[in-house]
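Here the sequence shown is numbered in full-length UniProt numbering, starting from 1 and rising by one per residue.
Note that the Cβ used here is the ideal one computed from N, Cα and C, for glycine as well.
What follows is one structure encoded as C-alpha cells, with my remarks underneath.
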Amino acid sequence: MKFCSECAHPVDLLIPEGDNRPRYVCKQCAAIHYQNPKLVVGSIPVWQPEGDQVRVLLCKRAIEPRHGFWTLPAGFMENDETTAEAAVRETEEEAGADIEIGNLFSLLNVAQVHQVHLFYLARLRSLDFTPGIESLDARMFAEHEIPWDDLAFPTIRTTLELFFADCARLREGGAFGFHTHDVVRAMRIVSDPA
C-alpha cells in the first residue's frame with residue numbers, strides 16, 4: 001500500500017501508539033489501514049444415491065494459481081454475503097451446481113498467504129451441473145477415484161481426507177465433526193489439538 005484510501009496522501013509502515021504490529025498509517029489524516037486475512041469459502045458438494053457410495057463434485061481449475069488441478073468449488077467471499085451464501089455462490093459459479101448447504105465442516109488457517117478457508121457440507125439437488133468460466137471440467141468422484149496427486153491446494157486435500165474419514169465414522173455409527181487445521185509455511189498440515 002502506497003497511498004491513503006481516505007485522503008490519497010502517502011502512507012508509512014509503522015506501529016501505531018497502543019498497537020503491537022506494523023500498520024500503514026497516513027501522516028496527513030492519521031487513518032490507520034488494517035490489512036486482515038481474506039476468507040476463501042467453498043462447499044463439499046456430495047451425491048449419494050440410496051445404497052451407493054458417496055461421490056464428491058470437484059472442479060478442474062481454468063485459472064491460476066494451479067491451472068489444470070482439481071479443487072472443491074470455492075473462492076473469495078464478497079462483501080454483503082454470509083459465508084454460507086458465498087459457498088452457494090461459488091459452487092454455482094464454478095460448477096453450475098445447485099446445492100442445499102449444510103453445516104460448516106472445516107476451517108483451515110493459511111497464515112502465510114493471509115487466508116482462512118471455510119468449507120461447508122452440501123448436498124447436490126441434482127446431477128445437472130456444468131463447468132463455469134473458472135473451471136475446465138466438473139466431475140463426480142468416489143473416494144478411490146479422487147485424483148489425489150492432482151489436487152490444487154493442501155486445504156483441499158486436508159478437507160477431502162477429513163470428509164472421507166468422517167464418512168467412514170458415519171458408517172460405524174459416528175457423526176460428521178467440525179475440523180480446524182493450520183497449514184504452516186512448509187505446507188505441512190498441523191491439527192488443532194482441540
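*Have a look at P45, D12, N36 and flag the residue whose alpha-carbon is nearest the alpha-carbon of D128.*
Residue numbering aside, residue 128 sits at position 128 when the sequence shown is read from its first letter. With distances taken between Cα atoms, D128 lies closest to P45.
*Counted within 10 angstroms of its Cβ, other Cβ atoms place M77 as buried (16 or more) or exposed*: As a first step, residue 77 must be located in the sequence shown, where it is residue number 77. Burial call: buried.
*Would you kindly report the start and end of the unbroken alpha helix (DSSP H) that includes L72?*
Locating residue 72 in the sequence shown gives position 72, where the first residue counts as 1. Note, L72: premise wrong, no alpha helix (DSSP H); not H, not E.
*asked:* What does DSSP give as the partner residue(s) for V41 in the beta ladder?
replied: Within the sequence shown, residue 41 is the residue found at index 41, counting from 1. Looking at the DSSP output, V41 sits in a beta bridge with G75, L118.
*Close beta carbons around Q115, own chain, < 7 Å, minus the five adjacent residues each side*: Translated into the one-based positions of the sequence shown, residue 115 becomes position 115. These residues qualify, in order along the chain: P37, K38, V40.
*Can you tell me whether DSSP reads T180 as helix, strand or coil?*
As a working note, residue 180 is residue 180 in the sequence shown. Here T180 sits in strand by DSSP.
*asked:* Using a Cβ-Cβ cutoff of less than 6 Å, which residues in the same chain neighbour E93 once the five nearest sequence positions on both sides are dropped?
replied: As a first step, residue 93 is located in the sequence shown; it is residue number 93 there, counting from the start. G132, listed in sequence order.
*Going straight from the alpha carbon of I15 to that of A31, what length do you get?*
Indexing the sequence shown from 1 puts residue 15 at position 15. Indexing the sequence shown from 1 puts residue 31 at position 31. Looking at the two C-alpha atoms, the distance is approximately 13 Å.
*By a C-beta neighbour count over all protein chains shown, 10 Å radius and 16 as the cutoff for buried, is H144 buried or exposed?*
Taking the sequence shown and counting its residues from 1, the one referred to as residue 144 is at position 144. Classification for H144: exposed.
*asked:* Could you compute how far the alpha carbon of L151 sits from the alpha carbon of G42?
replied: As a working mapping, residue 151 is identified with position 151 in the sequence shown. As a working mapping, residue 42 is identified with position 42 in the sequence shown. In a straight line, the C-alpha of L151 is about 15 Å away from that of G42.
*asked:* Tell me which residue opens and which closes the beta strand (DSSP E) that D150 is part of.
replied: As a working note, residue 150 is residue 150 in the sequence shown. That residue, D150, is in no beta strand (DSSP E); it is neither H nor E in DSSP.
*Residues bridged to Y24 by DSSP?*
If you number the sequence shown from 1, residue 24 lands on position 24. Answer is L13, H33.
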